[in-house]
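Engineer:
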Amino acid sequence: MASTIVTFELGGREVEVMVKPLMTLQTVLRHQLGATATKEGCRQGGCGSCTVLVDGEPMLSCLLPVEDVAGRRVTTLESLTPAEGLHPIQQAFLDHRAFQCGYCTPGMVMLSKALLDHSPAPSREEIARALTGNICRCTGYQPIVRAVAAAAEMTAGSEGGPVR
Amino acid sequence: MTVRIYVTPSSLPEAIGLLERHGPGLLVMAGGTVAMPLINDGISLPDAVMGLRRAGLDRLEQADGALRIGATATLTQLLNQRAIPMLSEAARSTASWAIRNMGTVGGNLFTPPPGGDVAVALLALDASVTLAGPRGERTMPLADFFTGFLTSQLASDELLVELRVPMPSGSTAYIKFGRKHANTPAVVTVAVHLTWDGDTIARARVALGAVGPHPIRARQAERVLVGTSLDADAIAAAAAAATRECEPFTDAIATDWYRRRMTGLFVGRTLEQLAPGAARRGS
Chain A
1 MASTIVTFEL
11 GGREVEVMVK
21 PLMTLQTVLR
31 HQLGATATKE
41 GCRQGGCGSC
51 TVLVDGEPML
61 SCLLPVEDVA
71 GRRVTTLESL
81 TPAEGLHPIQ
91 QAFLDHRAFQ
101 CGYCTPGMVM
111 LSKALLDHSP
121 APSREEIARA
131 LTGNICRCTG
141 YQPIVRAVAA
151 AAEMTAGSEG
161 GPVR
Chain B
165 MTVRIYVTPS
175 SLPEAIGLLE
185 RHGPGLLVMA
195 GGTVAMPLIN
205 DGISLPDAVM
215 GLRRAGLDRL
225 EQADGALRIG
235 ATATLTQLLN
245 QRAIPMLSEA
255 ARSTASWAIR
265 NMGTVGGNLF
275 TPPPGGDVAV
285 ALLALDASVT
295 LAGPRGERTM
305 PLADFFTGFL
315 TSQLASDELL
325 VELRVPMPSG
335 STAYIKFGRK
345 HANTPAVVTV
355 AVHLTWDGDT
365 IARARVALGA
375 VGPHPIRARQ
385 AERVLVGTSL
395 DADAIAAAAA
405 AATRECEPFT
415 DAIATDWYRR
425 RMTGLFVGRT
435 LEQLAPGAAR
445 RGS
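Same order as they appear, the protein sequences are chains A and B.
All the letters of the first sequence, read from the start, carry residue numbers 1 to 164 under the numbering used here.
All the letters of the second sequence, read from the start, carry residue numbers 165 to 447 under the numbering used here.
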């Protein structure tokens with residue numbers, strides 16, 4: 001079983017990993033790179049807790065062979081979080097109590113980031129539809145939808161450009 | 165799980181060559197949304213896997229009166245195209261955003277029921293499929309492609325490379341009925357494409373998903389519709405025909421009994437959208 005070296009961009013930094021055939025991005029992030037914000041939920045593509053952005057688009061890292069992201073730009077919650085303070089989406093989740101156990105939060109935040117990049121002022125329906133693949137078993141979703149709407153308002157006035 | 169080999173060809177000839185070299189044991193994967201869950205769970209234990217994400221088969225373009233869809237074009241690409249709204253609607257009703265960014269149109273043909281909702285729309289639109297192998301390419305109607313549960317005309321040394329959908333004339337309608345509004349397996353999916361000769365139906369296509377071993381045509385319902393003006397009696401007769409001819413199954417989503425009844429109900433509702441008096445939508 002030959003290992004392969006794969007290079008991709010993670011949070012603006014080039015990383016090089018040695019992987020076994022078909023190893024997933026999720027496994028590499030968590031177990032090789034120590035980037036544990038990306039959660040391991042169902043590993044079936046059914047819960048959204050492992051959502052990352054690949055070239056800015058949401059994908060499920062549990063279904064993604066890391067060899068398929070060679071040369072591409074991967075964004076996780078680690079790379080979204082500024083050195084000081086919080087990203088507006090994170091702040092909105094905090095303000096609106098949009099998490100209890102927090103396990104789904106990294107996936108929710110990454111999906112929301114992609115949504116606001118595509119649609120800076122989404123309707124409630126747009127938010128709900130976008131988040132349909134991300135399961136939360138604590139909040140009942142309403143605080144999450146409110147948080148995303150608030151984050152959209154927060155970023156609307158400011159420069160609000162994509163955070164890499 | 166120990167996959168020994170993962171190959172990612174960067175062209176179709178390379179992919180066909182790899183398939184020939186590794187033989188039928190090579191698991192062919194595109195978006196990974198069906199294969200990877202089984203591999204992650206140890207249900208599928210392939211020795212060698214081929215990933216098609218880099219094989220250059222993801223073009224989607226309108227040419228020669230048809231929409232040409234590369235086999236690995238994603239469901240998001242299909243959702244975003246404007247040429248055939250019913251295909252956009254079928255893509256939108258499938259899975260979640262992240263899954264649509266990964267799952268492919270070609271892969272949808274190999275998704276076991278109750279999945280495969282996009283294929284139902286493709287079937288109603290008389291799509292054809294192009295298969296490529298060491299002996300060259302061949303093209304056939306999608307209606308002839310499916311042969312049974314997870315079986316098709318695809319030979320073990322061939323790859324599905326393209327789908328071609330003639331630009332529809334007439335009117336189309338699509339309803340996926342599930343237990344939730346979004347991101348849910350179908351109880352039944354109905355896609356209809358009608359071509360008109362004045363006020364009467366000249367040609368009818370009624371395709372059903374989640375009520376058979378693969379997406380199926382409701383041919384008796386189609387025959388009932390041709391020559392009618394899609395009045396209430398014709399709709400009721402077509403719904404009754406589809407109820408009889410569907411082949412539903414029981415799973416965690418619904419019983420076969422429920423699926424059969426919902427097939428009649430939703431064939432009726434889909435046709436009602438196209439009936440005279442209803443705002444007939446262009447395709």
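Every residue, glycine too, gets a C-beta built ideally from N, C-alpha and C.
With DSSP as the reference, please indicate the residues paired to residue 297 of chain B in a beta bridge.
Structural biologist: Its beta-bridge partners are B:300.
Engineer: What's the gap between the Cα of residue 280 of chain B and the Cα of residue 142 of chain A?
Structural biologist: 31 Å
Engineer: Using a Cβ-Cβ cut-off of 6 Å (strictly less than) and excluding sequence neighbours within five positions of residue 377 of chain B, which residues of its own chain qualify?
Structural biologist: Taken in chain order, the residues that qualify are 312 and 313.
Engineer: Between residue 195 of chain B and the rest of its own chain, which residues show a CB-CB distance below 6 Å, the 5 nearest in sequence each way excluded?
Structural biologist: 266, 267, 268 and 271
Engineer: At a CB-CB cut-off below 7 Å, which residues of chain B make contact with residue 138 of chain A?
Structural biologist: The contacting residues do not exist; residue 138 of chain A stays about 19 Å from chain B at best.
Engineer: Is the Cβ-Cβ distance between residue 122 of chain A and residue 115 of chain A less than 8 Å?
Structural biologist: yes
Engineer: Check whether the segment 369-376 of chain B touches the segment 340-355 of chain B, taking contact to mean three or more Cβ pairs, one atom from each stretch, closer than 8 Å.
Structural biologist: yes
Engineer: Would residue 54 of chain A pass as a contact of residue 76 of chain A if the rule is Cβ separation under 8 Å?
Structural biologist: no
Engineer: Which residues, taken in chain order from the segment 48-73 of chain A, show a beta carbon closer than 7 Å to some beta carbon of chain B?
Structural biologist: Taking 7 Å as the Cβ-Cβ cut-off against chain B, the residues of the segment 48-73 of chain A that qualify are 48, 51, 57, 58, 59, 60, 62, 63, 64, 65, 67 and 68.
Engineer: Candidates B:398, B:240 and B:283: which alpha carbon is nearest residue 262 of chain B's?
Structural biologist: B:240
Engineer: Throw me the rounded Cβ distance for the residue 381 of chain B and residue 283 of chain B pair, which I believe falls under 8 Å.
Structural biologist: About 12 Å separates the CB atoms of residue 381 of chain B and residue 283 of chain B; that is not less than 8 Å, and the two are not in contact.
Engineer: In the structure shown, what three-state DSSP assignment does residue 336 of chain B receive?
Structural biologist: strand
Engineer: Quick one: is residue 261 of chain B near chain A, going by C-beta distance under 8 Å?
Structural biologist: yes
Engineer: Classify residue 434 of chain B as helix, strand or coil using the three-state DSSP reduction.
Structural biologist: helix
Engineer: Starting from the C-beta of residue 408 of chain B, find all residues in its chain whose C-beta is less than 8 Å away, skip the five residues before and the five after it, and write them out in chain order.
Structural biologist: 384
Engineer: Which of the three DSSP states is assigned to residue 40 of chain A in this structure?
Structural biologist: coil
Engineer: Mind listing the chain B neighbours of residue 132 of chain A? Cutoff is C-beta to C-beta under 7 Å, in chain order.
Structural biologist: 260, 346 and 347
Engineer: Among A:102, A:127 and A:68, which residue has its Cα nearest to the Cα of residue 152 of chain A?
Structural biologist: A:127
Engineer: Who are the Cβ neighbours of residue 148 of chain A in its own chain at under 6 Å, not counting the five residues just before and after it?
Structural biologist: 112 and 127
Engineer: Tell me residue 13 of chain A's beta-bridge partners as DSSP assigns them.
Structural biologist: A:10
Engineer: May I have a chain-ordered list of the alpha helix (DSSP H) segments no shorter than 4 residues that lie completely inside the segment 59-136 of chain A?
Structural biologist: With a minimum length of 4 residues, the continuous alpha helix (DSSP H) runs that stay inside the segment 59-136 of chain A are 77-80, 88-95, 105-118 and 124-130.
Engineer: Check whether chain A comes within 8 Å of residue 276 of chain B, counting only Cβ atoms and requiring the distance to be less than that.
Structural biologist: no
Engineer: To the nearest angstrom, how far is it from the Cα of residue 78 of chain A to the Cα of residue 303 of chain B?
Structural biologist: 48 Å
Engineer: Using the Cα positions of residue 193 of chain B and residue 144 of chain A, report the straight-line distance between them to the nearest angstrom.
Structural biologist: 34 Å
Engineer: Output the boundary residues of the alpha helix (DSSP H) element that contains residue 258 of chain B.
Structural biologist: Here residue 258 of chain B belongs to no alpha helix (DSSP H), and DSSP marks it neither H nor E.
Engineer: Straight-line CA distance for residue 41 of chain A to residue 416 of chain B?
Structural biologist: 21 Å
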